[in-house]
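Trainee: Input: one structure, supplied below.
There are 2 protein chains.
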Amino acid sequence: MRNFTFFEQAFRDHRSQLKLVLFCTTVSGGGLLAYGEAVAASEPEQKKKKVVVLGTGWAGTTFLRNLNNPRYEVHVVSPRNYFAFTPLLPSVTCGTVEARSIVEPVRNIFRKKKVNAYFNEAECVKIDAANKKIYCRSNINNNLNVKDEFVVDYDYLVIAVGANVNTFNTPGVVENCHFLKEVEDAQRIRRTVIDCFERASLPSISEEERKRILHFAIVGGGPTGVEFAASLHDFVNEDLVKLYPKAKDLVKITLLEAGDHILSMFDKRITAFAEDKFRRDGIDVKTGSMVVKVSDKEISTKEMKNGGEITSIPYGMAVWSTGIGTRPFIRDFMQQIGQINRRAVATDEWLRVEGTDNVYALGDCATINQRKVMEDIAAIFKKADADNSGTLTVKELQEVLHDICERYPQVELYLKSKQMNNVADLLKESKGDVKKESIELHIEELKTALSNVDSQMKFLPATAQVASQQGTYLAKCFDRMEECEINPEGPLRFRGEGRHRFKPFRYKHLGQFAPLGGEQAAAQLPGDWVSIGHSTQWLWYSIYASKQVSWRTRALVVTDWTRRFLFGRDSSQI
Amino acid sequence: MRNFTFFEQAFRDHRSQLKLVLFCTTVSGGGLLAYGEAVAASEPEQKKKKVVVLGTGWAGTTFLRNLNNPRYEVHVVSPRNYFAFTPLLPSVTCGTVEARSIVEPVRNIFRKKKVNAYFNEAECVKIDAANKKIYCRSNINNNLNVKDEFVVDYDYLVIAVGANVNTFNTPGVVENCHFLKEVEDAQRIRRTVIDCFERASLPSISEEERKRILHFAIVGGGPTGVEFAASLHDFVNEDLVKLYPKAKDLVKITLLEAGDHILSMFDKRITAFAEDKFRRDGIDVKTGSMVVKVSDKEISTKEMKNGGEITSIPYGMAVWSTGIGTRPFIRDFMQQIGQINRRAVATDEWLRVEGTDNVYALGDCATINQRKVMEDIAAIFKKADADNSGTLTVKELQEVLHDICERYPQVELYLKSKQMNNVADLLKESKGDVKKESIELHIEELKTALSNVDSQMKFLPATAQVASQQGTYLAKCFDRMEECEINPEGPLRFRGEGRHRFKPFRYKHLGQFAPLGGEQAAAQLPGDWVSIGHSTQWLWYSIYASKQVSWRTRALVVTDWTRRFLFGRDSSQI
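Chains as they are written, first to last, in UniProt numbering: chain A, 1 to 574; chain B, 1 to 574.
Okay, structure coming up:
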């Protein structure tokens, strides 16, 4: 297709010459072929760079949506031909929102873009970074029992395959627990909840069995587990008890958390409110309770508060919503490039995978391996010491401080945390109260001044927000790759010459919600601003509606919410 | 629960006597027990009759919705805890309507009724009509690999389990074809269509394979097959070609019909219009093509028009939408009650299963075994001959004609078809033009006059309309069972004494639609009124919206249609 378009173009541009050539061909023979090759050779920069994107989650899709440079040709490979708005997955488990309302076909996302994009529904099974190839296998059902396999080569590879569930090798989890990572998981949970209610209604079931079947256990007190527990409680109490009146007194929801509190990543006020609300709602919150084994009918936990005593809880349905793990082919790839014993692919601050060329990784499958100031202190000192005097003046340091802060974000965070405005304040700490301009620093003194900054380094959480910001960042880098090659806009290269092409990736936390059921939610917004209650739930509705990837999903999600208000949630077994 | 309420009632009515009894008991001992038994014996009619309904399709659900007499206690047993609006299944296959929009939980349907109703999600595996018991097995998934089994006894049994697919023992159909009877089937077809498009987009697939994968074969040119073909054509041409531009020229839809025409049960004008429209749309309509074998890649057909030649067609997805068969436990039941070699349970005109007591069957699993006039002619003559003269006067015949027409609907149909107004016209045919009152008929002459009426007997089609009318009819009979026992309202019993309790079931055909795609539909309305085109499609929309079982599904279906107009159909692989 590409070659044909190119040839068409050549034909249009050189129509008059072509006529001549055609004439010549009739005379000399073979001339057209030679001419064609000459044209192709004279325009090699026309060839598009092939970007292969693995995955259609938050990172991959945001990258795709933001990439606008027609210089690239994009091949997307993913086992799912759609993007799913995963923050609404807990709503799907109880039918507050339909599964189809939160998905958008990937092909629809790139259909109207200037960038040529192709999609293949397949799983990447191996990355061959040395030869710039990936090996793929399609899992599409066909009645032939044959797997389609193929190889795709790339100029740039963007790995955004997300993570899978980490069971921490707890026995029985894979066999008996539900997960909540994919749309199919949410659909399966929804069916299983109804299954439990239907089974508990059968006349052949004993009262004790009924109680067991209607006991829903959720492992993990993070935002997902908490939201699922809250949704399930609402589903049961607002809708299911009307249809299964006998079940009302038998249903029990238990939330198991190994730590001391649920929602531990949130402000203490939110944690306290959530724990209190759950207690009032009758949701049993068991903190300090670590799951050690799951059998077909019982969950065994180690009770930290009771000196590690092992207890067993009978359950009907268990949802495992804690821990993220590495996909097997990513683990292989990490071994190949010498990244061993890590949970995720290590990248630099520009999302480039360490130890590779032109391979990028973002989202849940990657972590940014931040550079420590202390490791580069000699290089920083040397670069800042413009006059090679062996000492640094405040002025000299001031001049590179912006670059230092950009290259090592922990420096800026440190200054902020200590409420310092400039470098003089920083030096004041180590050199005492002196007049600014007169200070001269030796390398050891700079080391002392900066000795604590690396403590500010933080791993980014595995959230949709991080993945999506990384996708946008990387797309913008790709769009301006050529420009920035010539006019680099990044900070100084302290260990090399010149400047970095781009500014490094910086995560901007926009806040986080925790819906708590009963039309109440908690939100932790930037600046440690906390909001809890009904109005926060409405804020949640409006933000989640606005964040949808298309007008279609936006309309569907809002319709689903309206329908739930009017008619309740459906409990049909489909 | 029931016994308790009864006792409460007894206690309230006889409070004063009870005091006396309590006094006596203290004197004589054991008196209370004796008294209690006496009370129970004196009010046996207080005990509710237990009606067990098998199935939650059109027949079962309509019966449930219309039953209003609190004298009954209803137990519903079905493997599906919802009612599905099956005429919209072809729309679900292509995402014009979502699966969840056409289903309504059964518990929701009977929740607000006066009649006590219970539901069990299980399959009936055996009917023991002799002991008035049914044996059930639950298919609910649990991670224990145990099937829950239980027995339910009944006073009345209503069998409304529908039919399953009939493959006519064609090899390979069960293994390789999709069916279109259940909601799950429609969902599976939707996923498979997208699967085919995704597979055809893989780089490892040859051009020939692509063509095969994108060939959709539909077996059966009845209303379902035709509607599915039309929906699929719209889905492909309105939505999928935008996302899979390369597939456009490769997609092919073939409709295979063994008969000479598609939609053969409709008026010839509709058939001709449909065949013509499909030809213009590029849907390949192959009539006279009988499928004899389906392999994993090819369908073998016997071409009737080419002298029975066997040809093979490669296909990517095949949908089998022809033939209805008997469920295995129904076949067992039929053998038990001596109904052998039949497709469906035979009932009389009151939907009572022949050869049983208090067992009713309706919908696709049953057929009404209409009584032939010729079999009962002696009884009819005897009953009509009020004065036992051995001959019938026109007046005598006229007096029972209404009952004859009610008991034997074929007589009325025959009179209508011959455009006769009364019995004199009927006799005219056999006795020539005579003055009415003077005619005297011998039995042989009556036989001659009625000799052709039985040719008007028709089997009812296996449609939602028939099932739903039967459900309503049976519920009304149940509601007035006691009343009609005393004041029967049915026709004369020709072979017995008195009258039948109820009028026999009469099917009233309200017309039938055949959506043909491209916002066009055909309708055959009562009185052989035919309507074709865009306005008919709008009539279809309004009738199908109005026929929904609940406001919830109505709102959802209309929302789905609106969404389709605005955003097209979704092609996410879920």
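No residue lacks a Cβ here, since even glycine has one placed at the ideal position from N, Cα and C.
So, does the CB of Pro223 of chain A fall closer than 7 Å to a CB anywhere in chain B?
Mentor: Output row for Pro223 of chain A: interface = no.
Trainee: Assess contact between the region 562 to 574 of chain A and the region 552 to 563 of chain B, defined as three or more Cβ pairs (one per stretch) separated by less than 8 Å. Is contact present?
Mentor: A contact exists between the region 562 to 574 of chain A and the region 552 to 563 of chain B.
Trainee: Helix or strand or just coil, what does DSSP make of residue 619 of chain B?
Mentor: Any property of residue 619 of chain B remains undetermined from this structure, which presents chain B solely from 1 to 574.
Trainee: In angstroms with no decimal places, state the Cα-to-Cα distance between Ile466 of chain B and Glu184 of chain B.
Mentor: What sits at residue 466 of chain B in the sequence shown is Val, not Ile. If you take the alpha carbons of Val466 of chain B and Glu184 of chain B, they lie about 23 Å apart.
Trainee: Does any C-beta atom of chain B lie closer than 7 Å to the C-beta of Arg210 of chain A?
Mentor: No - not a single Cβ of chain B is within 7 Å of the one on Arg210 of chain A.
Trainee: Of the residues that make up the region 464 to 495 of chain A, which ones have a beta carbon closer than 9 Å to any beta carbon in chain B?
Mentor: Answer in chain order: no residues at all.
Trainee: What does the Cβ neighbour count give for Trp320 of chain A, buried or exposed, with the cut at 16 atoms within 10 Å?
Mentor: Buried: at least 16 other Cβ atoms inside 10 Å.
Trainee: Does the Cβ of His75 of chain B have 16 or more other Cβ atoms within 10 Å, making it buried, or fewer, making it exposed?
Mentor: Flag for His75 of chain B reads buried.
Trainee: Alpha carbons only, please: which of B:Ile134, B:Glu149 and B:Ile330 is nearest the one belonging to Ile140 of chain B?
Mentor: Comparing Cα-Cα distances from Ile140 of chain B to each of B:Ile134, B:Glu149 and B:Ile330, the minimum goes to B:Glu149.
Trainee: Determine the burial state of Phe459 of chain A: buried for a count of at least 16 other Cβ atoms within 10 Å of its Cβ, exposed for fewer.
Mentor: Answer is exposed; the Cβ neighbour count stays below 16.
Trainee: Which residues does DSSP list as the beta-bridge partners of Gln520 of chain B?
Mentor: DSSP, once it has assigned bridges, lists B:Gly517 as partnering Gln520 of chain B.
Trainee: Just mark Ile299 of chain B as buried or exposed, buried being the case when its beta carbon has 16 or more other beta carbons within 10 Å.
Mentor: The residue in question, Ile299 of chain B, is buried, as its Cβ has 16 or more Cβ neighbours within 10 Å.
Trainee: Could you give the residue range of the beta strand (DSSP E) that holds Asn176 of chain B?
Mentor: Here Asn176 of chain B belongs to no beta strand (DSSP E); instead the alpha helix (DSSP H) covers Val173 to Asn176.
Trainee: At least one CB of chain A closer than 7 Å to the CB of Phe150 of chain B: is that the case?
Mentor: By this cut-off, Phe150 of chain B is an interface position.
Trainee: Leaving aside the five residues before and after Val400 of chain B along the sequence, list all residues of the same chain whose C-beta is less than 8 Å from its C-beta, in chain order.
Mentor: Within the same chain, Val400 of chain B has close Cβ partners Ile380, Lys383, Ala384 and Leu492.
Trainee: When you compare the CB positions of Arg327 of chain A and Asn131 of chain A, do they come within less than 7 Å of one another, or not?
Mentor: No.
Trainee: Fully enclosed by the region 422 to 483 of chain B, which beta strand (DSSP E) runs are 3 residues long or longer?
Mentor: Listed in chain order, there is nothing to give.
Trainee: Give the secondary structure of Lys50 of chain A by DSSP, where H, G and I count as helix, E and B as strand, and everything else as coil.
Mentor: Of the three classes helix, strand and coil, the one that applies to Lys50 of chain A here is strand, per DSSP.
Trainee: Taking only three categories from DSSP, how would you classify Trp350 of chain B?
Mentor: In this structure, Trp350 of chain B counts as coil in the three-state DSSP scheme.
Trainee: Quick check on Pro105 of chain B: does DSSP put it in helix, strand or coil?
Mentor: Strand, per DSSP.
Trainee: Which of the residues in the region 232 to 253 of chain A, read from start to end, lie with their CB under 8 Å from any CB of chain B?
Mentor: Going along the region 232 to 253 of chain A in chain order, one finds Lys242, Leu243 and Tyr244 with a Cβ nearer than 8 Å to chain B.
Trainee: Indicate whether at least one CB of chain B lies closer than 7 Å to the CB of Asp570 of chain A.
Mentor: Closer than 7 Å: yes.
Trainee: Chain B beta carbons: is any one of them nearer than 7 Å to that of Asp195 of chain A?
Mentor: Yes - at least one Cβ of chain B is within 7 Å of the one on Asp195 of chain A.
Trainee: Using 7 Å as the threshold, is the C-beta distance between Glu104 of chain B and Phe83 of chain B below it?
Mentor: A contact, by the Cβ cut-off of 7 Å.
Trainee: Could one say the Cβ of Thr559 of chain B lies closer than 7 Å to chain A's Cβ atoms, at least one of them?
Mentor: Taking Cβ atoms only, chain A reaches closer than 7 Å to Thr559 of chain B, which makes this a yes.
Trainee: Is Ala99 of chain B close to chain A? Criterion is C-beta to C-beta, closer than 7 Å.
Mentor: Yes, Ala99 of chain B counts as interfacial toward chain A.
Trainee: Please go through the same chain and pick out, in chain order, the residues whose beta-carbon is closer than 7 Å to the beta-carbon of Phe228 of chain A, but skip the five residues on each side of it.
Mentor: Pro90, Thr93, Leu180, Ile218, Val319 and Ser321.
Trainee: Can you tell me the Cα-Cα spacing of Phe7 of chain A and Asp479 of chain A, whole angstroms?
Mentor: Only weak support is given to the placement of Phe7 of chain A: the predicted model assigns it a pLDDT of 37, under 50, and the value that follows is read from those uncertain coordinates. For Phe7 of chain A and Asp479 of chain A, the distance between alpha carbons rounds to 26 Å.
Trainee: Drop a sphere of 10 angstroms on the beta-carbon of Gln512 of chain B, count the other beta-carbons inside from all chains shown, and report buried for 16 or more, exposed for fewer.
Mentor: By the neighbour-count rule (16 or more Cβ atoms within 10 Å), Gln512 of chain B is buried.
Trainee: For Val411 of chain A, which residues in the same chain have their Cβ closer than 6 Å to its Cβ, ignoring the five residues on either side in sequence?
Mentor: The answer, listed in chain order, is Ile404, Cys405 and Val453.
Trainee: Spell out a yes or no on whether the region 279 to 287 of chain A and the region 329 to 344 of chain A are touching, meaning 3 or more CB-CB pairs, one atom from each, closer than 8 Å.
Mentor: Touching, no.
Trainee: For the region 540 to 552 of chain A, which residues have a beta carbon sitting closer than 9 Å to at least one beta carbon of chain B?
Mentor: So the close ones are Ser550, Trp551 and Arg552.
Trainee: On the premise that Lys476 of chain A lies in contact with Asn169 of chain A, defined as a C-beta separation below 8 Å, what is that separation, rounded to the nearest angstrom?
Mentor: So it is not a contact: roughly 40 Å between Cβ atoms.
Trainee: Starting from Asn141 of chain B, find everything on chain A with Cβ-Cβ shorter than 7 Å and list it in chain order.
Mentor: Going along chain A in sequence order, the residues near Asn141 of chain B (Cβ under 7 Å) are Asp195.
Trainee: Buried or exposed for Thr271 of chain B, please, with buried defined as at least 16 other CB atoms from any protein chain shown within 10 angstroms of its CB.
Mentor: Thr271 of chain B comes out buried.
Trainee: Could you check what DSSP says for Val39 of chain B in three-state terms: helix, strand or coil?
Mentor: For Val39 of chain B, the pLDDT reaches just 41, beneath the cut-off of 50, and the residue's location in the model is therefore unreliable, leaving the point undetermined.
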